[in-house]
Structures are given as C-alpha cells and as structure tokens.
Amino acid sequence: DVKVTQSSRYLVKRTGEKVFLECVQDMDHENMFWYRQDPGLGLRLIYFSYDVKMKEKGDIPEGYSVSREKKERFSLILESASTNQTSMYLCASSMPGTGSYEQYFGPGTRLTVT
Amino acid sequence: SQKIEQNSEALNIQEGKTATLTCNYTNYSPAYLQWYRQDPGRGPVFLLLIRENEKEKRKERLKVTFDTTLKQSLFHITASQPADSATYLCALPMNTGFQKLVFGTGTRLLVSP
Chain A
722 DVKVTQSSRY LVKRTGEKVF LECVQDMDHE NMFWYRQDPG LGLRLIYFSY
772 DVKMKEKGDI PEGYSVSREK KERFSLILES ASTNQTSMYL CASSMPGTGS
822 YEQYFGPGTR LTVT
Chain B
960 SQKIEQNSEA LNIQEGKTAT LTCNYTNYSP AYLQWYRQDP GRGPVFLLLI
1010 RENEKEKRKE RLKVTFDTTL KQSLFHITAS QPADSATYLC ALPMNTGFQK
1060 LVFGTGTRLL VSP
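If you read the protein sequences in the order shown, they are chains A and B. Oh and the first sequence: position 12 is 733 in my numbering, straight run, nothing missing. Oh and the second sequence: position 52 is 1011 in my numbering, straight run, nothing missing.
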C-alpha cells in the first residue's frame, strides 16, 4: 500500500515564524502535491512537483515555497507565517503514466498561526 | 475558470437506501472525473475514476455516471450503511495539466441506522 506521511498532525506557530511542513511517500511516485483545505473553499492546490527539483505553482502559491531535493520528500515552507495561513494542509502523491491519475493523500497537518 | 459544484448541504438518508450525490462542472470538457471519500480529520481517499467515453462505472456498492452533455456526474451508494457516512469529493483534471486536479467542496453524507 502507498503510504504518505506528514511530519505533524497538529502545529501551532506564531505570526512571522518560518514554518516547514514535511511530506514523505514510500512508493517512488514522481508527482507530489501540496493543498490547503478550508471550510467552504475545498481543497486548493498550492504547489505541484513532477520530479526532483521541479515544481509548478498551483492556484494559491503566494506566501509559500516548496523544496524537493529527494524523490520521496516534498516540503512546504511558509516563509513568514500569517494568521490567514491557518488551515489544514494536505500532501498527496501520484504516479504518471498509469492511467489512473489517482492521488494518495497524507493524514494532513492542521496548522494554527496565532 | 473551471468550476465544480457539489451540494453543500448534508445529505441525510436511512440505512439501506440509495444515496445519490451530484457533481456539476462548467468551463471544461474533462477527459476523466474522480470521486474521493474524506473522513473528518483525514486526507481524501480515492474511490473511482470514470473517463469521458464511459457512461457508467461500478465498484461493489458504488456506481458513478458521467454525462458530458449535461456536464454532470452522479455518485450512487446502494444499500447504504452508517459506515458510509463521510464527505464525498469529486475532482476533475485541471486545464493546465492532466496530472493536477480541481476538487469540489464536497457533500457530507449522513447515514442513520
């Protein structure tokens, strides 16, 4: 079974702090994704990576950056956390070329910025 | 821009009945559509994918239809059980890339015994 793990389930940070959210997948998937999920807005794509060191902006990249130095690990960075970044953050991975386009999600990190 | 609409109101049904959830979309002709299940505090889990040339897809008690003329997908759970209570999300590939998805906001299903 594909397993996607995220470094924390719950995180509380202060405004202005630099925040790192880590995601690891164990199935050698090429694609990895970071989403945030907010009530009434659903899942929104922040960044997408299709290979090591390769990334694309999603719909809401402002205030975020990402890093993918190894295939299995995809990090989301909040350079200077703000209260409007309080949200549930979900990481996902998928394998291109299989025809299923199925995304495998991690359990999520609930981030609160105070 | 691409837009996906799912009923934001919860759907309450009795155990044993068929639940039917709707996903409508605009401004796109997707090659496929996916359905996911999400339990509270957890990440979504993939259920089914249906392609544009398929009218219907089944998996155990689940059935998905895809009407590209109406721009609508229906998701059915037959013989529903309390364990089916969850939020169900539909997702379409983005215009900007086949691998990326746009998700609906989901419909919460509550199955009472």
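For each residue, glycine too, the CB sits at the ideal point set by N, CA and C. Because the structure is a prediction, the values reported are computed rather than measured.
- At a cut-off of 4 residues, not a single continuous stretch assigned as alpha helix (DSSP H) sits fully inside the segment 787-813 of chain A.
- In this structure, A:C812 places its C-beta atom within 8 angstroms of the C-beta atom of A:V725.
- Ranked by how close their Cα comes to the Cα of A:V834, the residues A:R735, A:S728, A:S801, A:M775 have A:R735 in first place.
- Annotation note: the segment 969-1039 of chain B contains the following uninterrupted beta strand (DSSP E) runs of length 3 or greater, listed N- to C-terminal: 970-973, 978-985, 991-997, 1004-1010, 1015-1018, 1021-1026, 1031-1036.
- With three or more CB-CB distances shorter than 8 angstroms, the segment 747-766 of chain A counts as touching the segment 789-804 of chain A.
- Annotation for B:V1061: Q961, I963, A1050, L1051, P1052, M1053 place their beta carbon closer than 8 angstroms to its own, counting only its chain and skipping 5 residues before and after.
- In this structure, the beta-carbon distance from B:R1010 to B:A978 does not fall below 8 angstroms.
- Closer than 8 angstroms to the CB of A:Q746 there is not a single CB belonging to chain B.
- Contact check for B:T1024 against B:T1046 fails: the beta carbons are separated by 8 angstroms or more.
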